[in-house]
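Take a look at the structure set out below.
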Amino acid sequence: MNKFLSLLFTVTYLFSQIYQFQNLGIEDGLSQSNVYSILQDQTNILWFATEDGLNNYDGNNFVVFKQSYSDALQSNDINEIVQDSKGNIWIGTWGGGLAKFIPASGEFISFTSAYQDSNSLSGNRVQSLFIDPDSNLWIGTSEHGLNQLVDEKTKRFKHYNTKNSMISNDRIWSIESNKSGELWLATENGLNHLNLKTGEVTIYFRETANNLSLNHSLIRCLYFDHSGKLWVGTEDGLHQMLEPGKFKRYLHDERDPHSISHNVINVVYEDSFDQLWIGTGAGGLNKFDRKTELFHSYKNDPVNPISLSSNDVRDIFEDHSLNLWISTRGGGISRINLKQKPFAHLTVYDGLTHNRTTSIAETPDNKLWIGTREGISIYDRKTSSYSYLTEGSGKERLKDNYVRVLSYDRSGGLMWIGTQNSGLASYDYKSNHMSYYESDPSNSNSPPLNEIQAIYQDGDYLWIGTEKGLSRLNKASGKFEHYLHDLNNGETSVITITGNDNTIFVGADDFGIYILDKSTMKMKQLVHHPDDPKTLINDVILCMLLDDQYLWIGTERGLNRYQLSSGEFKLFDTTTGLANASILAILADDQNNLWLSTNLGISKLDKSNFSVRNYNQIDGLLNTSFIRASAHHASDGMLYFGAFNGLTAIAPKQFRSENYKYPVRIRRVKSLVTGKDIDLSHKTELVLPAGENFFTIEFIAMDFTKSSRNRYQYKLSGFDPDWINSGTRNIATYTNVEPDTYTFQVKGSNSFNEWNGNITELTITIQPHFYQTFWFKLFIALMVLKILYLLYWLRVKLIKNKNTELRNEIRVRQKAEENLENLIHELETKN
Numbered sequence: 000m001n002k003f004l005s006l007l008f009t010v011t012y013l014f015s016q017i018y019q020f021q022n023l024g025i026e027d028g029l030s031q032s033n034v035y036s037i038l039q040d041q042t043n044i045l046w047f048a049t050e051d052g053l054n055n056y057d058g059n060n061f062v063v064f065k066q067s068y069s070d071a072l073q074s075n076d077i078n079e080i081v082q083d084s085k086g087n088i089w090i091g092t093w094g095g096g097l098a099k100f101i102p103a104s105g106e107f108i109s110f111t112s113a114y115q116d117s118n119s120l121s122g123n124r125v126q127s128l129f130i131d132p133d134s135n136l137w138i139g140t141s142e143h144g145l146n147q148l149v150d151e152k153t154k155r156f157k158h159y160n161t162k163n164s165m166i167s168n169d170r171i172w173s174i175e176s177n178k179s180g181e182l183w184l185a186t187e188n189g190l191n192h193l194n195l196k197t198g199e200v201t202i203y204f205r206e207t208a209n210n211l212s213l214n215h216s217l218i219r220c221l222y223f224d225h226s227g228k229l230w231v232g233t234e235d236g237l238h239q240m241l242e243p244g245k246f247k248r249y250l251h252d253e254r255d256p257h258s259i260s261h262n263v264i265n266v267v268y269e270d271s272f273d274q275l276w277i278g279t280g281a282g283g284l285n286k287f288d289r290k291t292e293l294f295h296s297y298k299n300d301p302v303n304p305i306s307l308s309s310n311d312v313r314d315i316f317e318d319h320s321l322n323l324w325i326s327t328r329g330g331g332i333s334r335i336n337l338k339q340k341p342f343a344h345l346t347v348y349d350g351l352t353h354n355r356t357t358s359i360a361e362t363p364d365n366k367l368w369i370g371t372r373e374g375i376s377i378y379d380r381k382t383s384s385y386s387y388l389t390e391g392s393g394k395e396r397l398k399d400n401y402v403r404v405l406s407y408d409r410s411g412g413l414m415w416i417g418t419q420n421s422g423l424a425s426y427d428y429k430s431n432h433m434s435y436y437e438s439d440p441s442n443s444n445s446p447p448l449n450e451i452q453a454i455y456q457d458g459d460y461l462w463i464g465t466e467k468g469l470s471r472l473n474k475a476s477g478k479f480e481h482y483l484h485d486l487n488n489g490e491t492s493v494i495t496i497t498g499n500d501n502t503i504f505v506g507a508d509d510f511g512i513y514i515l516d517k518s519t520m521k522m523k524q525l526v527h528h529p530d531d532p533k534t535l536i537n538d539v540i541l542c543m544l545l546d547d548q549y550l551w552i553g554t555e556r557g558l559n560r561y562q563l564s565s566g567e568f569k570l571f572d573t574t575t576g577l578a579n580a581s582i583l584a585i586l587a588d589d590q591n592n593l594w595l596s597t598n599l600g601i602s603k604l605d606k607s608n609f610s611v612r613n614y615n616q617i618d619g620l621l622n623t624s625f626i627r628a629s630a631h632h633a634s635d636g637m638l639y640f641g642a643f644n645g646l647t648a649i650a651p652k653q654f655r656s657e658n659y660k661y662p663v664r665i666r667r668v669k670s671l672v673t674g675k676d677i678d679l680s681h682k683t684e685l686v687l688p689a690g691e692n693f694f695t696i697e698f699i700a701m702d703f704t705k706s707s708r709n710r711y712q713y714k715l716s717g718f719d720p721d722w723i724n725s726g727t728r729n730i731a732t733y734t735n736v737e738p739d740t741y742t743f744q745v746k747g748s749n750s751f752n753e754w755n756g757n758i759t760e761l762t763i764t765i766q767p768h769f770y771q772t773f774w775f776k777l778f779i780a781l782m783v784l785k786i787l788y789l790l791y792w793l794r795v796k797l798i799k800n801k802n803t804e805l806r807n808e809i810r811v812r813q814k815a816e817e818n819l820e821n822l823i824h825e826l827e828t829k830n
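Per numbering that gives the first Met the number 0: the sequence shown ends with 830, consecutive numbering throughout.
What follows is the structure, given as structure tokens:
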């Protein structure tokens, strides 16, 4: 409960403590829920070591590597991972020795302990890995001491153990080096400081009578912070080394909620904001404030889906997007965004009487009043304590728990309370006395109804809105005057009221805006005209905000800006960038922005240039459905919005423009012909075999915070005539692409649609079938020419032969004719 509201003293403290955890588990594709180590490689891909495989993650999908992928990965139980300067990933397994993964080729290389080879790895259970500033790889084992990889080609290691050196124990839990390059070892029995040049080892143990010694000799983790201070996590407490041999202890104290939450310390990590994080064995995650020396703990809450996934924290890592990743045993992975501080939330888990937050107000004595369907929660920020004003008997109690509206009267020291069923109440601070103004049909000076929907302070008067119109209470006489009650068959439901010295503005449900001139008490109406786009966009008024020049009007169909001097309207809706057109509440900050609660989150509108930023659960909102007219601008600049699932607090000054455009990585190509996936995380060229000209290309912007909001454009040069806008879809599909060499180009935008000018490229060569090659086509052409020539030659020869036959036939005929003539001549001669 105090976790939220005690932080309201200052914006800085509030938003340095509240985090929403986003969790990843087996249901999201993680191969196993015991996760021991985290790293981010040179291409921004995240890697996780689990008890059942090595996982990489791009913000959308997991890829899992197991023994089935490569025999060189000799165990699926991965205990530790590190990356060297060449981009190779070294993997320490529990029982399978050491493995090296080369991302560029996808190859694994195994380094294991061999009994017959004294230069091999000393043991196959790898407890820890470390790469020192000179790029030397150090391997700590669970039973066989420390190893240094001396020659990668011959797989030769140098060994340090209790037999051949002065180290105190052969189980090496953690390895670190200081700025001078000397090694520090966390062992099962003692902290070891190893001077590699001299071979000298200095060992620090627990000393029973020395409170400046370690509190336990089993050392589980080591960490040098940015200032060079050594932090030592043991089986019984956290320690800071003040000087060699002297340690300051930080131990759990059940009587002190600001002590460390548990004494088994698994990991210590310092983020880029110089915040120190500590993972414990059963007490969750701790953040340590080194100025106040106070710990703030974050633990698993089984009924809270945005809490830490498990209380057994094994590793902590900050990525390039300022996300802090927490690996756990039994709970998979949790993530918080270190920038995600401008939103905070209060629910029944923190002390609210009900999640439906209908109204908010503050009092000069530093108290926050929160109206709900189950009474009022009052928080005293001086004492960090709650009190409650709820239904019951007595002059200091509510008659009705359903509180619709709250408004503090500074001049009278009263809190005005509009209820659902018991009319208007005023609570006097000094006398602790509650007075009621309830509807009495026989008394025209009473409220028209007991359901009070709106309250507006106006000096000696109090304006209230009900379903029966507008009423004005004279505070001195206690009598009401009524307005709008005769209009619209007596059904003018007043939702919201605001005003200035001269005018009262009244927002009605389905009847637009009524403007009351206080000097003449005359009224005019602003309504929607379907044929006139320059009028009010909608007559269902949800909220209003008045400044010096404009009346801002929230409706079901957008936000209207009404200029007081000219009467002109300007519309803001989904076409101008708002995520949702139902404007439920409006607040102005001190930086010339309007903040709008809607049915799809919160939007920020810059009044100077009308640019819009939309925020939802991805940005840290607990919920996206808010309550009509439930909002408050506090004196310290904080903004509060009431929602169906609690109270949302905003610190506008904490918001920063998101200028960083995340690089886009081409992750894989999938052949639609064979179904084969090709990993492209570390490649810029791809050759596809003949016939595989139907394929998809998957890409991702390396933004682990809001990856679902990133937008993309892509083009296959030589195939696509122009860029294709794919929205948030991160897959491109191509069919029937001719064999050739192409360049696939892709670019992305951040979550606010700001495009990255850097283009990621992939060269794709689609090999032709043999019959599609130039030489085959040339061969075919030559063969065709040859055949044509042969046909021509045959035709010519046929013609020649035919001609010869004809000539011969002619000769035969001529000869026959000659013979006939000769015969005839002979016969004639004889006769």
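For each residue, glycine too, the CB sits at the ideal point set by N, CA and C.
Taking all protein chains shown into account, TYR713 has 16 or more neighbouring C-beta atoms within 10 Å of its C-beta and is therefore buried.
When Cβ pairs closer than 8 Å are counted between the two stretches, the stretch 677-693 is seen to touch the stretch 764-774, the count reaching three or more. Exclusion of the five residues before and after ARG710 leaves GLY726, THR727, GLY747, SER748 and ASN752 as the residues of its chain whose Cβ lies within less than 7 Å of its Cβ.
Assignment of beta-bridge partners to ILE332 by DSSP yields LEU23 and SER326. Measuring C-alpha to C-alpha distances from LEU577 to each of TRP594, LEU563, GLN562 and GLY566 identifies TRP594 as the nearest. It is roughly 7 Å from the alpha-carbon of GLY283 to the alpha-carbon of LEU307. For a cut-off of 8 Å, the C-beta gap from ASP40 to ILE88 is around 7 Å, short enough to register as a contact. In the displayed model, TRP792 falls within a helix according to three-state DSSP. It is roughly 10 Å from the alpha-carbon of ASP57 to the alpha-carbon of SER680. Ranked by how close their Cα comes to the Cα of ASP364, the residues GLY144, SER634, VAL668 and ILE37 have SER634 in first place.
Every beta strand (DSSP E) of 3 residues or more that sits fully in the stretch 629-658 is shown, in chain order, as 638-642 and 645-649. Put simply, the stretch 67-75 touches the stretch 85-101. At least three CB pairs are less than 8 Å apart. In the three-state reduction of the DSSP assignment, TYR770 falls in the helix class, which pools H, G and I. Note on the stretch 385-418: whole beta strand (DSSP E) runs with a minimum of 3 residues are 402-408 and 413-418, in chain order. Just measuring C-alpha positions, the residue of ASP427, ILE377, MET433 and TYR407 sitting nearest ASP399 is MET433. Here ASN285 really is in contact with SER296; their C-beta atoms are around 5 Å apart, less than 8 Å.
Ranked by Cα distance from LEU388, the options ILE626, LEU819, TYR426 and SER326 are led by TYR426. Secondary structure remark: continuous beta strand (DSSP E) runs of at least 3 residues inside the stretch 463-488, in chain order: 468-473 and 478-482.
Residue VAL402 holds the alpha-carbon nearest to the alpha-carbon of ILE454 among ASP605, SER607, GLN19 and VAL402. Taking 3 residues as the shortest admissible run, the stretch 657-729 contains the following complete beta strand (DSSP E) segments, listed from N- to C-terminal end: 663-670, 676-678, 684-687, 694-700, 711-716 and 723-726. A check of alpha carbon separations from TYR639 across SER707, ILE585, LEU604 and ARG708 identifies ILE585 as the nearest.
Contact between SER32 and GLY330 is confirmed by a C-beta separation of about 6 Å, below the 8 Å threshold.
VAL611 is positioned such that its CB atom lies closer than 7 Å to that of SER602.
For the pair ILE696 and PHE316, the CB atoms are not nearer than the 7 Å cut-off. The beta carbon of TYR741 sits closer than 7 Å to those of LEU715, SER716, GLY717, PHE718 and ILE763, all from its chain and outside the five residues before and after it, given in chain order. Per DSSP, THR623 has no beta bridge partner at all. MET782 is classed as exposed because its beta carbon has fewer than 16 other beta carbons within 10 Å across all chains shown. Here SER670 has GLU691 and PHE694 as same chain residues with Cβ atoms under 6 Å from its own Cβ, once five neighbours each way along the sequence are excluded. Secondary structure in the stretch 66-139: the beta strand (DSSP E) runs of 3 residues or longer, each lying completely within the stretch, are 77-82, 88-92, 97-101, 106-110 and 125-130 in chain order.
Bounds of the beta strand (DSSP E) holding ILE552 are 549-554. Between VAL62 and PHE47, the C-beta spacing is not below 7 Å. Annotated as distal: PHE568 and LEU558, with beta-carbon spacing of 7 Å or more.
Straight through space, the alpha carbons of TYR222 and PHE129 are spaced by roughly 12 Å. In the structure shown, the three-state DSSP call for ALA185 is strand. Listed as beta-bridge partners of GLU175 by DSSP are TRP183.
Scanning ASN54, TYR428 and SER492 for the CA closest to the CA of TYR482 turns up SER492.
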